[in-house]
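Novice: Sequence lines, in order, name chains A, B and C.
In terms of my numbering, the first sequence opens at residue 1 and continues consecutively.
In terms of my numbering, the second sequence opens at residue 1 and continues consecutively.
In terms of my numbering, the third sequence opens at residue 1 and continues consecutively.
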Amino acid sequence: MSELAGNPISPPTPKGIRKPKAAFSVGRIPGFAAATLAFFLFLYAPILLLVVFSFNGSNSATIWSHFSLDWYAKVAANSDIQRATLNTLIVAGIASVLATALATLAALAMARGGRFRGSQIALGTLLLPLIVPEIVIAIAMLIFFTAVGMNLGLGNIIVAHTVFCIPFAYLPIRARLDSLSPVYEEAAQDLYADGWRTFRHVTFPLLAPGILSGLMLAFITSVDDFIISLMVGSAGSTTLPIYIYSLIRIGITPQINAISTLVLLISFIFVSLSWLIARRSEKTP
Amino acid sequence: MTDPARLSPRARHTALAPALLAIGVFLVLPLLLVPVASFMEANPWGGVRPAFSVDAYIQVLFEEDFTGELVFNDAYPRIVLRSILLAAVTTLLCLLAGFPVAYVIAMQPKARQGILLLLVTVPFWTNLLIRTYSWIMILRDEGLINNSLEAVGIIDTPLRLLYTNGAIAIGLVYTFLPFMVLPIYAAIERIDRSLIEAAHDLYANRRAMLRRVVLPLAKPGIAAGAVLVFVPALGSFVAPALLGGGKHLMIGSLVQAQFGASRNWPFGAAISLILLAAVLAVLLWQARRQSRGEGLQL
Amino acid sequence: MRNLLRMAGMAAPIALAASAASAEGVLNFANWAEYTSPELIEKFEKETGIKVVLDTYDSSETLLAKLQAGGADYDVVVPGNNFVAGMISEGLIQNVDVRSLPGFANLEGRWQSPPWDPTNEYSIPWLWGTTGFTVDTSTYGGDIHTYEVLFNPPPELQGEIGMFNSADEVVKMVHAYLGNDLCTEDPAHFQAAFDVLKAQKQHVKMYQSEGLRERMLSGEVKAHSNWNGSSLKLRAQDAKFAYAYPKEGVLTWMDVMVVPSGAKNKDNALKFLAFMLQPENVAIQSNFARYSNAVAGSDAYMAAELKTAPEIVAPSDRTFIFVPACSEKSIKLQDQVWTRLLK
């Protein structure tokens with residue numbers, strides 16, 4: 001990481017007051033740690049229950065009977081649910097990365113592009129996917145895809161998700177940019193005098209927390225989408241949310257808990273890996 | 001006069017083009033159909049009939065009585081107001097619950113930040129419906145909370161937790177928490193410790209430090225989070241239906257029904273447009289104020 | 001970030017492979033989830049060599065909207081019978097002359113020339129069932145075979161009732177209760193229906209179709225509107241759950257297989273329709289989904305418990321009312337009742 005990126009964000013209030021290394025307790029606010037702990041409990045209590053019921057012996061997703069691995073066996077034998085899960089992860093993986101890339105560029109342009117005519121229209125357009133009801137997006141897009149003869153299977157869903165995930169990635173990145181002072185980029189521009197290198201070595205590392213946040217929000221937004229996927233998807237592109245909502249007549253069984261648990265397992269492997277990578281990169285200067 | 005960090009107009013346009021093109025081609029273009037559809041007659045089998053009609057807009061405020069008379073109908077304004085209120089409460093609760101978390105995460109060493117962020121979002125790799133089921137298990141009469149309280153003898157008869165407004169709020173807050181935490185985190189990450197310490201010296205107490213140093217930095221994050229929570233919450237209906245008992249309609253289910261069971265596409269298009277115009281107007285007005293340095297930033 | 005990109009790169013070919021599923025030898029079939037027997041599909045694939053790609057949707061309404069917007073390159077879909085007329089008039093499904101299919105004569109007489117497809121050109125029955133309600137008889141021991149139990153509940157059931165969150169199913173049930181035509185256009189009928197629902201609302205704990213079995217099993221509610229096959233599954237878990245066949249008239253529905261106009265594999269679709277006309281095949285599906293089928297002779301292959309289940313074998317003295325497709329005006333009034341009820 002570059003020297004500059006490690007520096008503080010320029011504050012709106014007192015500037016340039018520098019003190020020796022602060023004690024660790026600085027920055028801690030009483031009650032915040034407890035609130036965070038409570039937050040994670042709140043976040044994971046339902047998830048824990050969900051996992052527990054994947055081992056339920058009866059076919060109820062909410063009433064415990066006895067321990068069993070039957071539902072995992074069912075998942076292993078159910079190729080439809082496996083395909084739906086794979087579809088969901090493929091779509092979310094690709095669409096969130098594409099949306100975040102587009103959103104990063106757009107946020108840079110909006111935050112560092114100065115005032116320009118039509119900036120309100122540009123902002124409105126960027127936020128549009130967030131504001132239009134999903135069902136309307138779904139049907140309008142489907143009519144459009146049909147009219148232009150676009151039939152890419154899962155590709156249709158990927159395009160749709162990329163578009164509607166843009167504001168979810170844009171807003172955190174824009175928030176990051178707005179809280180950053182352009183001072184560093186300016187300084188870097190003086191040093192490098194090259195827009196791309198400024199971006200690569202200064203702006204991007206500074207933006208990383210915003211980009212990461214945007215990417216994650218885009219991802220979970222895509223993973224949970226039902227109605228847009230259902231409408232624009234063509235044969236063979238059922239996703240997990242479509243599958244789950246289509247169980248309405250039959251009822252949700254712990255099979256859904258089992259497949260959800262497996263997805264959680266994948267995500268935790270992901271977490272552990274990124275932790276290892278982060279630790280390694282932190283150690284090597 | 002020249003500001004080197006500013007992008008040149010050309011660079012600006014190049015950077016904006018991909019996102020605007022994607023949304024323009026795949027969303028704005030298709031959405032041009034919506035105002036057209038709203039001024040047509042409903043086809044009883046879905047879709048529209050190519051005949052001009054303003055029925056959809058009349059229906060927003062008036063209905064034909066069961067006796068055939070056109071009377072004022074407060075149903076839709078009520079549904080809209082209820083949805084706005086619920087979204088506002090959700091946003092506020094998400095802010096209260098999410099801000100401390102965002103702050104604590106931002107204060108961690110870099111390596112730990114990423115992990116914590118992932119941990120905030122991992123629960124949402126699962127499906128909304130099944131997460132809501134878990135809340136039913138926790139809140140119902142024979143649920144986790146009631147059973148535990150009864151077991152330790154605090155209560156004799158179960159508390160009514162499920163099918164209440166509180167349950168709806170819990171479900172909605174749960175759904176949208178990461179959308180508040182992550183933008184705030186992004187905004188306040190790497191506030192320099194020395195800055196906080198300096199502030200600490202300057203303003204005797206932590207509350208003043210929070211207000212004068214952290215909050216101004218967090219402002220763009222809070223604004224972004226508020227938009228990301230409020231707008232989707234406005235259209236949400238799974239939590240109200242499953243945790244609230246579905247005894248009151250929400251704007252989201254209302255719009256969806258027009259394209260489903262009610263098969264009234266023009267009306268669905270009309271309410272979507274009205275909603276779109278209202279929300280967009282508020283957002284852009286905010287952004288304008290901000291560009292004049294007044295309100296929250298977007 | 002970089003890792004994610006690499007993952008996405010790896011996934012792209014899979015995405016492309018998944019979209020290439022319309023070559024010869026494929027049947028794109030869409031239905032509710034877990035409403036199609038895997039065993040049945042396996043048998044069909046084995047006998048014909050056709051690969052079945054199974055997709056799912058959540059309601060006939062969504063399916064209709066999708067077809068109407070030009071989507072769905074499916075070869076066979078399974079809407080409710082009351083959607084067939086509209087799909088025909090809108091040109092969304094094609095005339096495949098089902099009466100000339102081998103095995104068409106296997107259909108029970110009463111299912112040949114049904115009102116929604118009188119000339120047998122478009123549809124073949126999938127499964128059929130009834131919409132009624134399930135009562136926890138350990139709570140209420142009286143006669144359950146009347147809508148009174150639901151709409152004007154006895155003290156034991158007050159505040160303990162769950163209803164579907166669907167205007168169509170609920171309002172039509174009230175019409176049956178009041179003896180109105182299900183597709184009435186008379187505002188007075190809707191006013192009466194609204195009054196019934198308004199009075200009932202204080203006793204209703206929730207309007208929700210999802211997770212109804214869970215709610216009954218956990219005891220959250222003691223009576224819930226329900227479908228017969230779903231009620232059968234409830235009784236299998238606890239004998240106290242009984243399915244009501246209201247004497248005022250039992251709402252009946254049939255899901256039927258139709259071929260969308262955009263179907264790319266029409267021949268395979270027809271093979272599948274013919275396959276489902278064979279008693280031994282359709283029985284596999286009935287046994288799996290726990291609903292009746294329309295093919296004569298399938299009894300021989302049905303699970304023993306289905307042949308005697310009260311949820312399947314209805315009392316002979318009841319009137320069964322097939323839910324028809326209603327006029328625009330009727331739907332609008334029905335909607336108005338629902339919005340007023342839940343405003």
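Don't be surprised by glycine CBs; every beta carbon is placed ideally from N, CA and C.
With a 10 Å radius around its C-beta and 16 neighbouring C-beta atoms as the bar for buried, classify residue 155 of chain B as buried or exposed.
Specialist: By the 10 Å Cβ count, residue 155 of chain B comes out exposed.
Novice: Are the beta-carbon atoms belonging to residue 244 of chain A and residue 137 of chain A less than 8 angstroms from one another?
Specialist: It is not a contact, given that the beta carbons lie outside the stated cut-off.
Novice: For residue 139 of chain A, which option in B:246, B:37, B:125 has the closest C-alpha, if you only look at C-alpha atoms?
Specialist: The option with the nearest alpha carbon to residue 139 of chain A is B:37.
Novice: Could you check whether the Cβ of residue 34 of chain C sits closer than 8 angstroms to any Cβ belonging to chain A?
Specialist: It does; some Cβ of chain A falls within 8 angstroms.
Novice: Determine, using beta carbons only, whether residue 66 of chain C comes closer than 8 angstroms to chain A.
Specialist: Interface residue, yes.
Novice: Output yes if chain B places a C-beta closer than 8 angstroms to the C-beta of residue 262 of chain C; else output no.
Specialist: No, its Cβ sits nowhere closer than 8 angstroms to a Cβ of chain B.
Novice: Closest to residue 339 of chain C by CA distance: which of C:170, C:35, C:32 is it?
Specialist: It is C:170.
Novice: Would you identify the three-state DSSP class for residue 276 of chain C, choosing helix, strand or coil?
Specialist: Coil.
Novice: By the 7 angstroms beta-carbon criterion, what residues does the stretch 219-253 of chain B contribute toward chain C?
Specialist: So the close ones are 241, 242, 245, 246, 247, 248, 249.
Novice: With a threshold of 8 angstroms, are at least 3 pairs of Cβ atoms found where one atom belongs to the stretch 90-100 of chain A and the other to the stretch 159-176 of chain A?
Specialist: A contact exists between the stretch 90-100 of chain A and the stretch 159-176 of chain A.
Novice: Nearest by alpha-carbon distance to residue 128 of chain B: which of B:103, B:228, B:173 is it?
Specialist: Checked all of B:103, B:228, B:173; the closest Cα to residue 128 of chain B is B:173.
Novice: Counting only beta-carbon separations shorter than 8 angstroms, does residue 112 of chain A have a partner in chain B?
Specialist: Cβ-Cβ to chain B under 8 angstroms: yes for residue 112 of chain A.
Novice: Return the residues of the stretch 214-242 of chain C that lie within a Cβ-Cβ distance of less than 8 angstroms from chain A, sorted by chain order.
Specialist: Correct list: 214, 217, 218, 227, 230, 233, 237.
Novice: Please name the residue, chosen from A:198, A:196, A:133, A:106, that lies closest to residue 173 of chain A on a Cα-to-Cα basis.
Specialist: Of the listed residues, the one whose Cα sits closest to residue 173 of chain A is A:106.
Novice: May I ask you to list, following chain order, the residues of the stretch 84-113 of chain B that have a beta carbon less than 7 angstroms from some beta carbon of chain A?
Specialist: Hits within the stretch, in order: 97, 100, 101, 103, 104, 107, 110, 111.
Novice: Residues in its own chain within less than 8 angstroms of residue 215 of chain A by CB, not counting five upstream and five downstream?
Specialist: Excluding sequence neighbours, residue 215 of chain A sits near 96, 97, 100, 169.
Novice: So what does DSSP say about residue 251 of chain C, is it helix, strand or coil?
Specialist: Note: residue 251 of chain C maps to strand in three-state DSSP.
Novice: What are the partner residues of residue 56 of chain C, as DSSP defines its beta bridges?
Specialist: Its beta-bridge partners are C:31.
Novice: Excluding the 5 residues flanking residue 120 of chain B on each side, which residues of the same chain have their C-beta closer than 6 angstroms to its C-beta?
Specialist: So the list reads 178, 181, once near-sequence residues are dropped.
Novice: Please tell me whether residue 256 of chain B has its Cβ less than 8 angstroms away from any Cβ of chain A.
Specialist: Yes - at least one Cβ of chain A is within 8 angstroms of the one on residue 256 of chain B.
Novice: Below 8 angstroms on the Cβ atoms is my guess for residue 78 of chain C versus residue 27 of chain C; work out the distance and round it to an integer in Å.
Specialist: Incorrect: roughly 13 angstroms between the Cβ atoms, too far for contact.
Novice: Under 7 angstroms between beta-carbons, which chain A residues line up against residue 209 of chain C? List them in chain order, please.
Specialist: What residue 209 of chain C touches in chain A: 248.
Novice: When the cut-off is 8 angstroms and only beta carbons count, does residue 158 of chain B lie next to chain C?
Specialist: Not closer than 8 angstroms to any Cβ of chain C, the Cβ of residue 158 of chain B fails to qualify, so no.
Novice: Whole-angstrom Cβ separation of residue 321 of chain C and residue 176 of chain C, contact assumed at under 8 angstroms?
Specialist: Their Cβ separation, rounded to whole angstroms, is 6 angstroms, which keeps residue 321 of chain C and residue 176 of chain C in contact under 8 angstroms.
Novice: Which residues in chain B sit within 8 angstroms of residue 29 of chain A, going by Cβ to Cβ distance?
Specialist: Ordered by position in chain B, the residues that pass the 8 angstroms Cβ test against residue 29 of chain A are 100, 103, 206, 210.
Novice: Quick check: is the beta carbon of residue 110 of chain C nearer than 8 angstroms to any beta carbon in chain B?
Specialist: It does not: the Cβ of residue 110 of chain C has no partner Cβ on chain B nearer than 8 angstroms.
Novice: What does residue 68 of chain A reach in chain C if we use C-beta pairs closer than 7 angstroms?
Specialist: Simply none; closest approach about 15 angstroms.
Novice: Looking at residue 271 of chain C and residue 119 of chain C, is the spacing between their C-beta atoms short of 8 angstroms?
Specialist: No, the pair does not count as a contact, with Cβ atoms beyond the cut-off.
Novice: So what's residue 7 of chain A in DSSP terms, helix, strand or just coil?
Specialist: Here residue 7 of chain A scores only 39 on pLDDT, less than 50, and its place in the model is too uncertain to base an answer on.
Novice: Taking only the alpha-carbon atoms, compute the straight-line gap between residue 341 of chain C and residue 198 of chain C and give it to the nearest angstrom.
Specialist: Rounded to the nearest angstrom, the two C-alpha atoms are 6 angstroms apart.
Novice: Where does the unbroken beta strand (DSSP E) through residue 145 of chain C begin, and where does it stop?
Specialist: Careful: residue 145 of chain C lies outside any beta strand (DSSP E) and carries neither H nor E.
Novice: Measuring alpha carbon to alpha carbon, tell me which residue in A:135, A:111, A:149 is nearest residue 290 of chain B.
Specialist: Checking every option, the nearest Cα to that of residue 290 of chain B belongs to A:111.
Novice: Given this structure, state the Cα-to-Cα distance separating residue 309 of chain B from residue 33 of chain A, to the nearest angstrom.
Specialist: The displayed coordinates of chain B run from 1 to 298. Any statement about residue 309 of chain B would go beyond what the structure contains.
Novice: Does the beta carbon of residue 55 of chain C come closer than 8 angstroms to any beta carbon on chain A?
Specialist: With 8 angstroms as the cut-off, residue 55 of chain C counts as an interface residue toward chain A.
Novice: What is the residue span of the beta strand (DSSP E) that residue 155 of chain B lies within?
Specialist: Here residue 155 of chain B belongs to no beta strand (DSSP E), and DSSP marks it neither H nor E.
Novice: Using a Cβ cut-off of 8 angstroms (strictly closer), state whether residue 42 of chain C contacts chain B.
Specialist: Closer than 8 angstroms: no.
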